[in-house]
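Have a look at the structure below, then the notes.
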Amino acid sequence: MGVQLDAGGGDKKVKPNINVTPLVDVVLVLLIIFMLVIPNMQEGVAVELFKAKNAEKDADDAEPVVVSVALGDDPDEVTYHIGEDQVTRDALVATLQELHAADPSQHLLFRGDSRIPYGKIRDVFHECQNVGFAYIQLSVGAQKESWEEGA
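For the sequence shown, the residue numbers in the numbering used here are 56 to 206.
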């Protein structure tokens, strides 16, 4: 048994030697970037959701109609959205009536910004109920156990 050391000599052949250290460095940097960026990605209109304990996502396969009540550019302005499309409040109700007439078993996902007074959000929710949707789900954010009640 012997070890061949490259000490010079006459017959030099190219020996492949792959350095994986730069590859590992790049993969780790990408992993860290994805770990930081992906939790901050949010679907749809930016809405600060109400906090709730035991917030669970429904396992239903059907895509619900998403209704969002959000703050506009002006802090006193309330905007209404169906999916990503901004509509007026009257157009919101009219569109929901059309969607419900097309499919009465359609689910509705209601998202409200916690910075908007509760009365305004409740009025829009009540209008969604009056349209006739049987399945209205409320979208809430998860509340950590250490947070104070009502915060």
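Backbone N, C-alpha and C fix where the C-beta goes; we use that ideal spot for every residue, glycine too.
Quiz item: Which stretch, first to last residue, makes up the alpha helix (DSSP H) that contains Phe-89?
Solution: 76-92
Quiz item: Since Asp-140 is in the beta strand (DSSP E), which residue starts that stretch and which ends it?
Solution: 140-142
Practice problem: Measure the Cβ-Cβ separation of Gly-167 and Val-124 and say whether it is below 7 Å. | Solution: yes
Practice problem: Inspect the beta-carbon positions of Val-120 and Leu-85 and report whether they are closer than 7 Å. | Solution: no
Exercise. Tell me, to the nearest whole angstrom, how far the beta carbon of Val-122 is from that of Phe-165; I am working on the premise that it is less than 8 Å.
Key: 5 Å
Quiz item: Quick one: what does DSSP say Leu-104 is sitting in, helix, strand or coil?
Solution: coil
Quiz item: Which same chain residues, not among the five before or five after Lys-175, have their C-beta less than 8 Å away from its C-beta?
Solution: Val-124 and Val-133
Exercise. Might you give, ordered along the chain, the residues of its own chain that have their beta carbon closer than 7 Å to the beta carbon of Phe-180, omitting 5 neighbours on each side?
Key: Phe-165
Quiz item: With burial defined as no fewer than 16 other Cβ atoms inside 10 Å of the residue's Cβ, what is the status of Leu-78: buried or exposed?
Solution: exposed
Practice problem: Below 6 Å CB to CB, which residues in the same chain sit around Gln-141 once its five sequence neighbours on both sides are set aside? | Solution: Thr-134
Self-check item: Cβ-Cβ distance between Glu-103 and Arg-144 below 7 Å
Solution: no
Quiz item: Would DSSP call Ile-176 helix, strand or coil?
Solution: helix
Quiz prompt | Start and end residues, beta strand (DSSP E) containing Gly-167 | solution = 162-167
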